[in-house]
Each structure stands twice: as C-alpha cells, then as structure tokens.
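The structure under discussion appears below in the form of structure tokens.
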Amino acid sequence: MRAQPQERDSYPVFRDISTRWSDNDVYGHVNNVIYYSWFDTAVNAYLIEQGALDIHAGQTIGLVIETQCNYFASLAFPQAVEAGIRVAHLGSSSVRYEVGLFAKGASQSAAAGHFVHVYVDRQTRRPVPLPQPLRAALQSLLRAESVGE
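Residue numbers (the UniProt record's numbering): 1 to 149.
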C-alpha cells in the first residue's frame, strides 16, 4: 500500500521550522536529508521544553535505530514549515515517533515519516527503562489507536 499524506489534526503537537537558504538543493526544493534533521529538531526541542531531556548532563539518551520518510509535495526556502509530532508506540525503553511536515497552514503533510529511539545509559550505551519525566512527556503524544497496546 502506498503511503498517503497525513492530516494536520492527527498530530497533537506542532513546532515551527524555519527553512534556510542552504536547505534548498540544485533542484530548487529542500533536499531530502534536511527532513530527517527537522524530525530530530522537532522531537528533541519538544522533549527539552518539557524538561524530559537533558542533552548535556542527562544519564539517559536516545539513539536512533530506525528512520523512514515519505515525500508528497515539495517544500522550499523561504517557506515556513510546521512539524507535527505524535508517538505511535511507547515501550519500556523505546519510542516510535511519527512526524508530519506541513507547509505553514496546510491541511495535509508535504512529508511524513518516523524514527525509533532506544533510550540507553549515556555511559554504557545499554537500554534502560524510560525515565518517568520522559514517559510523562510522551503520554500526551500517543496516537489514540496506540493507547492500550
């Protein structure tokens, strides 16, 4: 089954993303690798703002083990972009984040994808249970159909 654009109302949280001149490639649109950077930026900024992630001194860090993106429409500098964030799966030490990238105000995503973080001890790099502040911050992002899994 071919992936379809996502609807704006299926994401509980949004972050504004500013495009930069250097984001465009020779074809006149944002290069595909930039989208993955936006995924990381949106999710990690949200977690930092919620007090759930300390990137400098926190004992628990998230490592990406899987990522994927589908593209539906072009985005380009100087366009404003909004990143919708939701959680599709919340495990004991892992999280599947889903991110939709929307042209400012658009009802359907220009791109949609996911990445999976496994949370590990900063020193040992071994999986650890999600700290309570992180789990609490992620609860409100759970997709309705994911509750109870």
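Idealized CB from N, CA, C, for every residue including glycine.
Look at Arg96 here: in three-state DSSP terms it is strand. From the listed residues Asn24, Tyr46, Thr67 and Thr124, the smallest Cα separation to Ala112 is found for Thr67.
Residue range Val13 to Ser18 is occupied by the beta strand (DSSP E) that includes Ser18.
For Tyr27, there is no enclosing alpha helix (DSSP H), as DSSP marks it with neither H nor E. Look at Ala103 here: in three-state DSSP terms it is strand. Val120 sits close to Leu63, with the two beta carbons spaced by under 8 Å. Distances from the alpha-carbon of Ala42 to those of Gln139, Ala83 and Ala110 put Ala83 closest. Rounded to whole angstroms, the gap between the alpha carbons of Asp54 and Gln132 is 14 Å.
In the three-state scheme derived from DSSP, where H, G and I count as helix and E and B as strand, Val64 is classed as strand. Beta bridge pairing from DSSP links Val81 with Ile17 and Ala103. If you draw a 10 Å sphere on the C-beta of Gln6, you find 16 or more other C-beta atoms in it, and that means buried.
C-alpha of Ala136 to C-alpha of Ser37: approximately 24 Å in a straight line.
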